[in-house]
Structure formats: structure tokens, C-alpha cells
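Written out below as C-alpha cells is the structure these notes cover.
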Amino acid sequence: MSELEFVCPLSELETSITKWSGSSESSTVKFGVTVDEVLFPVFLHLSDTHNDRLTVLYNGAVSRDRCEDGIVFQRSSWKDEIPSTIVSFADPTLVLHDRMSIGWGQVDGQLFAPEQYKVILDVLRDSLSLPGRFETLHYGSSAGGFQALATAGYDRGSRVLCNNPQTDYSKYSVAWATNRVLKVNGFANRDEYLGATNFLASRNS
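This is the structure in C-alpha cells:
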């Protein structure tokens, strides 16, 4: 498993992150938050000079050959080049399901990662006095763009910047990847997904 400084339940995140902030000399930390026993890996970099802005990063496809546990924080190496505090989420779908390289934040068909990202963000904001929604930019490319758009929808008032976002993951060109994610959600195929009541309701809202 990738090195995480600590792992805690969501209910204990405020205590754990405050303890880290008060005792660590580093401005950067990788940690995990468990929600209903699902691990949400998080990367945090606190900016001293640009602490009035927050950028949240999301993963697209990852290489499982390079990272067996699925915990990747894409673009986290840009932390010193982006003029803001950085939060990066690794898709918990890839942690939960072996060998998946892309998951669109679908997790287990019960949890939806973007909704939980927003909850985690709010705890971090309250605990560390991070910038609020109006000073937050969500960024992602491809499947990360899907997650950025979805999380920004929960984080009303924030901004979002996407590069070629996959707004409908069921149209993804690699059939096996799409089929695996559809099955995570209990659908046998794309036609069944498109005909589902919850899909049609969300599409028409």
C-alpha cells in the first residue's frame, strides 16, 4: 500500500488532521479516511504564500502496473507550482476493486465518491481554516473531469476547470472498463443503465 501517514474514520478526521497540523513540521501529508469501511486516500499540501485559494485535483485513468494498490495522486507533483493550497483525491473505486484502472468515483454502487469528497473537504476546511467554496477550484481531466464536475455540483459556489471530461462514463470507448463500472452499480449493460429510473431522473433534473 502507498504510504499514508494516518488512516481514520470520517468521524475522527477533525481530531486526526488537527493533531497532524499541530505536531508536523511538514506542509504536506498523505492520509486515508474511511467511509463505511471504504478507504478514501487524500493528499494535502498547505500553501504558506497562497493560502487564500484551494485547488482540488481528481484522477483519471491510472496504471495498475505502476501502482498495485490503486492509490495515485495525479498532478500532486505540481504542488509547488500551483498558487494555492492543494487537496488531491485518489479514486476509492480503484482501491476497492483490484485491477481496475478507471472508476469515475463509482465506489461500490452505494457510495458515490464526489458526494463524500465534499464531506471530507468541509471537515478539512473547518479543521484547518482552508478556503471556502467561493475560493475553491475543482480540476480534473478525462475521468477526473467527471469527478471534478460532480463534486463541484455538491460544492455550490465553487468553480470547476476540466480537460476533456467524460460526462457520461457509459460512453467510454474501452468496453471492458465501462462494463466493470456498470456492474459495480448493478447494471448488466449500458442499455439497462440508460433505462434505469435513477439515471433518467438525474438526466431530466
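In the working numbering, the protein residues as written are -14 to 190. Ideal placement from N, C-alpha and C gives every residue a C-beta, glycine not left out.
Separation of residue j from residue i, as counted between CA atoms
| i | j | result |
| --- | --- | --- |
| residue 185 | residue 152 | The predicted model places residue 185 with a pLDDT of 43, which falls under 50 and marks its position as unreliable; any figure quoted below should be read in that light. Straight-line Cα distance between these residues: approximately 15 Å. |
| residue 115 | residue 168 | 37 Å |
| residue 123 | residue 77 | 18 Å |
| residue 199 | residue 63 | This structure cannot settle anything about residue 199, because the visible part of the chain is limited to -14 through 190. |
| residue 190 | residue 91 | A caution first: residue 190 carries a pLDDT of 43, below 50, which makes its placement in the model unreliable, though a value can still be read off. When rounded, the distance between both Cα atoms is 20 Å. |
| residue 82 | residue 9 | 33 Å |
| residue 179 | residue 48 | 29 Å |
| residue -3 | residue 93 | 22 Å |
| residue 175 | residue 155 | 6 Å |
| residue 195 | residue 173 | The requested residue 195 is not part of the displayed model; the chain covers only -14 to 190. |
| residue 121 | residue 24 | 24 Å |
| residue -10 | residue 133 | 25 Å |
| residue 95 | residue 171 | 10 Å |
| residue 147 | residue 59 | 14 Å |
According to DSSP, residues forming a beta bridge with residue i
| i | result |
| --- | --- |
| residue 42 | 73, 124 |
| residue 29 | 14, 72 |
| residue 23 | 20 |
| residue 148 | 126 |
Residue i vs residue j beta-carbon contact at 8 Å
| i | j | result |
| --- | --- | --- |
| residue 41 | residue 163 | no |
| residue 231 | residue 61 | What is shown of the chain runs -14 to 190, which leaves residue 231 out entirely. |
| residue 99 | residue 56 | no |
| residue 88 | residue 166 | yes |
| residue 2 | residue 69 | no |
| residue 53 | residue 15 | no |
| residue 118 | residue 158 | no |
Range covered by the alpha helix (DSSP H) that runs through residue i
| i | result |
| --- | --- |
| residue 142 | No alpha helix (DSSP H) contains residue 142, which DSSP labels as neither H nor E. |
| residue 66 | Looking at the DSSP string, residue 66 is not in any alpha helix (DSSP H), and its letter there is neither H nor E. |
| residue -1 | -2 to 8 |
| residue 105 | 98 to 113 |
| residue 168 | 160 to 169 |
Selected residue, minimal CA-CA separation from residue i, among the options
| i | options | result |
| --- | --- | --- |
| residue 139 | 62, 104, 20, 85 | 104 |
| residue -5 | 43, 32, 107, 88 | 107 |
| residue 12 | 36, 127, 45 | 36 |
| residue 67 | 85, 39, 58, 84 | 39 |
| residue 20 | 111, 113, -8, 134 | -8 |
| residue 22 | 101, 129, 125 | 101 |
| residue 130 | 34, 74, 53, 0 | 74 |
| residue 126 | 119, 134, 150, 141 | 150 |
| residue 33 | 120, 43, 65, 59 | 65 |
| residue 160 | 86, 109, 79 | 86 |
C-beta neighbour in chain B for residue i, strict 8 Å
| i | result |
| --- | --- |
| residue 86 | No chain B appears in the structure shown, which is made up of a single protein chain. |
Where the beta strand (DSSP E) containing residue i begins and where it ends
| i | result |
| --- | --- |
| residue -8 | -9 to -6 |
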